[in-house]
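The structure appears below as structure tokens.
2 protein chains.
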Amino acid sequence: MKEGPDIAQIGALIGDPARANMLTALMSGQALTATELAGAAGITLQTASSHLAKLEAGGFIAQRKQGRHRYFTLADAGVGRLIESLMGFAADRGHLRHRAGPKEPALRKARICYDHLAGDFGVRMLDSLVAGGAIDAADDRLVLTAAGEERLAAFGIDARQLKRSSRRPLCRSCLDWSERRAHLAGTLGKALLYGFIERGWARRSAESRAIAFSPEGERQFLALFPLAQAA
Amino acid sequence: MKEGPDIAQIGALIGDPARANMLTALMSGQALTATELAGAAGITLQTASSHLAKLEAGGFIAQRKQGRHRYFTLADAGVGRLIESLMGFAADRGHLRHRAGPKEPALRKARICYDHLAGDFGVRMLDSLVAGGAIDAADDRLVLTAAGEERLAAFGIDARQLKRSSRRPLCRSCLDWSERRAHLAGTLGKALLYGFIERGWARRSAESRAIAFSPEGERQFLALFPLAQAA
DNA sequence: TTCATACTTCGATCGTAACCGAAGCATCGG
DNA sequence: CCGATGCTTCGGTTACGATCGAAGTATGAA
Chain A
291 MKEGPDIAQI GALIGDPARA NMLTALMSGQ ALTATELAGA AGITLQTASS
341 HLAKLEAGGF IAQRKQGRHR YFTLADAGVG RLIESLMGFA ADRGHLRHRA
391 GPKEPALRKA RICYDHLAGD FGVRMLDSLV AGGAIDAADD RLVLTAAGEE
441 RLAAFGIDAR QLKRSSRRPL CRSCLDWSER RAHLAGTLGK ALLYGFIERG
491 WARRSAESRA IAFSPEGERQ FLALFPLAQA A
Chain B
291 MKEGPDIAQI GALIGDPARA NMLTALMSGQ ALTATELAGA AGITLQTASS
341 HLAKLEAGGF IAQRKQGRHR YFTLADAGVG RLIESLMGFA ADRGHLRHRA
391 GPKEPALRKA RICYDHLAGD FGVRMLDSLV AGGAIDAADD RLVLTAAGEE
441 RLAAFGIDAR QLKRSSRRPL CRSCLDWSER RAHLAGTLGK ALLYGFIERG
491 WARRSAESRA IAFSPEGERQ FLALFPLAQA A
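Protein chains in written order, with the numbering used here: chain A, 291 to 521; chain B, 291 to 521.
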């Protein structure tokens, strides 16, 4: 009887704590099995199965059968962006989880945001790239400079090839719920994070969205992305 | 027991059809009374009152007492942006309301999006401004040019003063759920819409988000925002 | 084949929240 | 002061959906 898209359906889909927990867990970008997701949400496998079916029907997640496992992931980057913006909104209004747990500091320092680096380290990385002239920032819009291309090549990333390989924008600014400042998303953000992991500088936690830097990795990271002065 | 902001709470808040209808109604930017919102949602006044209390507690809406009326509005532009992005997501996935009602075409043609013009006319306006060199568009980022300032002055809008008067950005691009293309938001988008209404070119519908252009108003609008060729 | 694992489907229970009738405040007009 | 209007609070009903036990299906391993 009314016009327009149905917000209530998708709100209700996210509105259940069990489903919200599953989606949050999937924000790590990792593919997770039904059993793992049930654990993350604190429910039994049967209940999880029902929730997963609903999320899939709603276009939030996709599944990939592999042997007797079923791996679930967020359906696409659009879902990731929606969730992150909901998180930002929630953080902004103080809709926080019961209490900041022990993992909270680690999450604020470095975490995965769909498929790229967020948190303190993510913000620092972008700030440093902009300050060093590698990325040109006109507020929202981020553009990789020629100097930036060279710098990335030294790190083993071929920006031109990256640009060709996907329709997704190379550089994208993504707002952080913890820092309230922008960090680098897009294929470049993804490539950088994967570069850190490949080099063994960092690894992703199994059951949280935190990114753990090794002492040596942190040293290298900070040297690679210097800041003129402590913020 | 977990980390981060609580998505489920805000999802649940939006997830109830009655509340979603109220929020959608408030997307018109108009302040509405509890009775009007109850009508929009198709529920009794008592139920509406309970929902409104929850929405207010959640930071979604604000109320202003005026005599024996209570006027409700969206709490701020952030809420408006969240809802619009949810609508976009929903439209994208085909989560549509039961059936496209009779008002649907009018909404696609011109409607209010929080406080500025959206729909076919909104998209055309931005396209024309960009094509005419009044606004410089670097993908996401919109910048008013000197030529644009003059053009607006001719329409009776003082862009410099507008910029000073608010922290809100002057130009902002906002993605449309019906057109899947950008239209103009920000204080400038608002000022333009209000200009149309003041001139009597258009008026807002009482109970929907549609903007109705008069025949003469439509003629003036199309003349003011020409497009080189039919899209 | 048989057993184990990973997951889905079915059925029943249970809690919560949406809902409305009725009554209670507040504000306005007269 | 009165009644009318706009809205909130209270109480009781109802319905939906989240939950899990138990049983069923698929894949893999022995």
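Glycine residues also receive a C-beta, built at the ideal position from the N, C-alpha and C atoms.
Query	Result
Where the alpha helix (DSSP H) containing residue 314 (chain B) begins and where it ends	307-316
Selection from A:329, A:308, A:296, A:454 that minimises the alpha carbon distance to residue 476 (chain A)	A:454
Residue nearest to residue 507 (chain A) in terms of C-alpha spacing, selected from A:318, A:464, A:488, A:383	A:488
Given residue 363 (chain A) as reference, the closest of A:370, A:352, A:473 once Cα atoms are compared	A:352
Contacts around residue 388 (chain B), its chain only, beta-carbon distance under 8 Å, and the 5 residues preceding and following it disregarded	Bear in mind that the predicted position of residue 388 (chain B) carries a pLDDT of just 47, short of 50, making it unreliable; the figure below should be weighed with that in mind. Correct list: empty, nothing qualifies.
Interface residues of chain A facing residue 349 (chain B) [CB-CB closer than 7 Å]	383
Rounded separation between residue 292 (chain B) and residue 409 (chain A) - CA only	Any answer about residue 292 (chain B) is weak, because its pLDDT of 46 lies below 50 and its placement is not dependable; what the coordinates show is given next. If I take the Cα positions, the gap works out to 17 Å.
Residue 333 (chain B): first and last residue of the uninterrupted alpha helix (DSSP H) it sits in	Per DSSP, residue 333 (chain B) belongs to no alpha helix (DSSP H) and is neither H nor E.
Run of the beta strand (DSSP E) containing residue 502 (chain B), from where it starts to where it stops	501-503
Inter-residue spacing [alpha-carbon to alpha-carbon] between residue 457 (chain B) and residue 318 (chain B)	22 Å
Ranges of the alpha helix (DSSP H) found wholly within the region 349-420 of chain A, counting only runs of at least 4	367-383, 394-399
Contacts of residue 479 (chain B) in chain A (Cβ-Cβ under 7 Å)	Under the 7 Å cutoff, chain A gives no residues; its nearest Cβ is about 16 Å from residue 479 (chain B).
Chain A within 8 Å of residue 305 (chain B), Cβ atoms only	yes
Beta carbon proximity, residue 300 (chain A) to chain B, threshold 8 Å	yes
Those runs of the beta strand (DSSP E) which lie wholly inside the region 437-477 of chain B and span at least 3 residues	462-465, 472-475
Residue-level contact to chain A via CB, residue 419 (chain B), 8 Å cutoff	no
Cut-off 7 Å between Cβ atoms - residues of its own chain near residue 427 (chain B), not counting five sequence neighbours on either side	420
Residues in the region 435-468 of chain B having any Cβ partner in chain A nearer than 7 Å	467
Assigned secondary structure, residue 321 (chain A) (DSSP; H/G/I helix, E/B strand, else coil)	coil
Whether residue 330 (chain B) touches residue 315 (chain B) by CB criterion (8 Å)	yes
Short CB-CB distance (under 8 Å) between residue 345 (chain B) and chain A	no
Minimum Cβ-Cβ distance from residue 314 (chain A) to chain B less than 8 Å	yes
7 Å Cβ shell around residue 418 (chain B) - same chain, five flanking residues per side excluded	515, 516, 517
Residue 517 (chain B) - containing beta strand (DSSP E), residue span	It is not in any beta strand (DSSP E) - residue 517 (chain B) carries neither H nor E in the DSSP assignment.
Sheet register partners of residue 434 (chain A) (DSSP bridge)	A:425
Cβ-based neighbour list, residue 503 (chain B), same chain, cut-off 7 Å, excluding 5 preceding and 5 following	400, 491, 492, 511
As assigned by DSSP and simplified to three states, the class of residue 509 (chain B)	helix
Backbone CA spacing between residue 464 (chain A) and residue 380 (chain B) [nearest angstrom]	21 Å
Residue-level contact to chain B via CB, residue 409 (chain A), 8 Å cutoff	no
CB contact check: residue 373 (chain A) to chain B, cutoff 8 Å	yes
Rounded straight-line distance, which links the Cα of residue 505 (chain A) to that of residue 346 (chain B)	46 Å
Closer than 8 Å to chain A by CB, residue 329 (chain B)	no
Rounded straight-line distance, which links the Cα of residue 433 (chain B) to that of residue 425 (chain B)	6 Å
C-alpha distance - residue 522 (chain B) paired with residue 422 (chain B), whole-angstrom precision	The question about residue 522 (chain B) has no answer, for chain B in this structure spans 291 to 521.
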